[in-house]
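Peer 1: Sequential numbering of the sequence shown, starting at 131, is according to the numbering used here. Submitted below is the structure of interest, expressed as structure tokens.
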Amino acid sequence: MPLDNLEAGERGDENWIAVGRLGKTFGLHGEIVVHRLTDWDEPFRPGRELVLALRRERRSVRVASRRDLPTKLVVRFEGLDDIDAIQPWVGSAVEVPARELPELEEGTYYHFQLIGLAVFAADGRPLGKLAEILETGGNDVFCVRDGQREILVPAIRDAIASIDLAAGRVVLKDLEGLIEP
Numbered sequence: 131m132p133l134d135n136l137e138a139g140e141r142g143d144e145n146w147i148a149v150g151r152l153g154k155t156f157g158l159h160g161e162i163v164v165h166r167l168t169d170w171d172e173p174f175r176p177g178r179e180l181v182l183a184l185r186r187e188r189r190s191v192r193v194a195s196r197r198d199l200p201t202k203l204v205v206r207f208e209g210l211d212d213i214d215a216i217q218p219w220v221g222s223a224v225e226v227p228a229r230e231l232p233e234l235e236e237g238t239y240y241h242f243q244l245i246g247l248a249v250f251a252a253d254g255r256p257l258g259k260l261a262e263i264l265e266t267g268g269n270d271v272f273c274v275r276d277g278q279r280e281i282l283v284p285a286i287r288d289a290i291a292s293i294d295l296a297a298g299r300v301v302l303k304d305l306e307g308l309i310e311p
């Protein structure tokens, strides 16, 4: 059940998806570390237009350069050519229009598509909403919340019976010990 950790937001009449977050500045010439939320490479190519979103501010930018270092991605944007220009944007989401996302294979979902879905036990009992997806390394874990109660469900085929985006629901399999009565 492959997932891709993208975040969704709405701006006007178009849905925007965060594909990265700006980390700390890198040097004095406007370069900044980008924490990628996806392994989709296209948004970070030189010449690509993106939107930086921080609180209620948004700015369209174009990627001027990119460096792939062993443990990080470093990007510079046109017009943000020094540390003073890029510093206010530290922590920004790096967004693209949702319509530009690559289509996924059947049975594969973006995180933003799943967050907020209603989750049900195999017997039809409502368990809460999918509030968060934890990335553990081996497999992701769905964090299902209903008020004070929280259920952690491995995001694997052995635990998930179905995901129906159109109906807005996830149905779990009947696994002993997964859900307390």
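Backbone N, C-alpha and C define an ideal beta-carbon position, used for all residues, glycine too.
Going by DSSP, what residues sit across from residue 233 in a beta bridge?
Peer 2: Your numbering for residue 233 matches position 103 in the sequence shown. In the DSSP output, where bridge partners are listed per residue, residue 233 has none listed.
Peer 1: Going by beta carbon distance, what residues of the same chain come within less than 8 Å of residue 143, once the five residues before and after it are set aside?
Peer 2: As a first step, residue 143 is located in the sequence shown; it is residue number 13 there, counting from the start. Confidence in residue 143 is poor, its pLDDT being 43 and thus under 50, which makes the residue's placement unreliable; the coordinate value appears in the next sentence. There are no such residues.
Peer 1: Would you give the residue range spanned by the alpha helix (DSSP H) that residue 211 belongs to?
Peer 2: Along the sequence shown, one-based indexing puts residue 211 at 81. Element bounds for residue 211: n/a, residue is neither H nor E.
Peer 1: CB residue 286 to CB residue 272, shorter than 8 Å?
Peer 2: Taking the sequence shown and counting its residues from 1, the one referred to as residue 286 is at position 156. Taking the sequence shown and counting its residues from 1, the one referred to as residue 272 is at position 142. It is not a contact, given that the beta carbons lie outside the stated cut-off.
Peer 1: Quick check: the Cα distance between residue 171 and residue 208, rounded to an integer number of angstroms?
Peer 2: As a working note, residue 171 is residue 41 in the sequence shown. As a working note, residue 208 is residue 78 in the sequence shown. Going from the Cα of residue 171 to the Cα of residue 208 covers about 19 Å.
Peer 1: Once DSSP output is grouped into helix, strand and coil, what is the label at residue 247?
Peer 2: In the sequence shown, counting from the first residue as 1, residue 247 sits at position 117. Note: residue 247 maps to coil in three-state DSSP.
Peer 1: Drop a sphere of 10 angstroms on the beta-carbon of residue 270, count the other beta-carbons inside from all chains shown, and report buried for 16 or more, exposed for fewer.
Peer 2: Position 140 of the sequence shown, counted from the first residue, corresponds to residue 270. Buried, since its Cβ has 16 or more Cβ neighbours within 10 Å.
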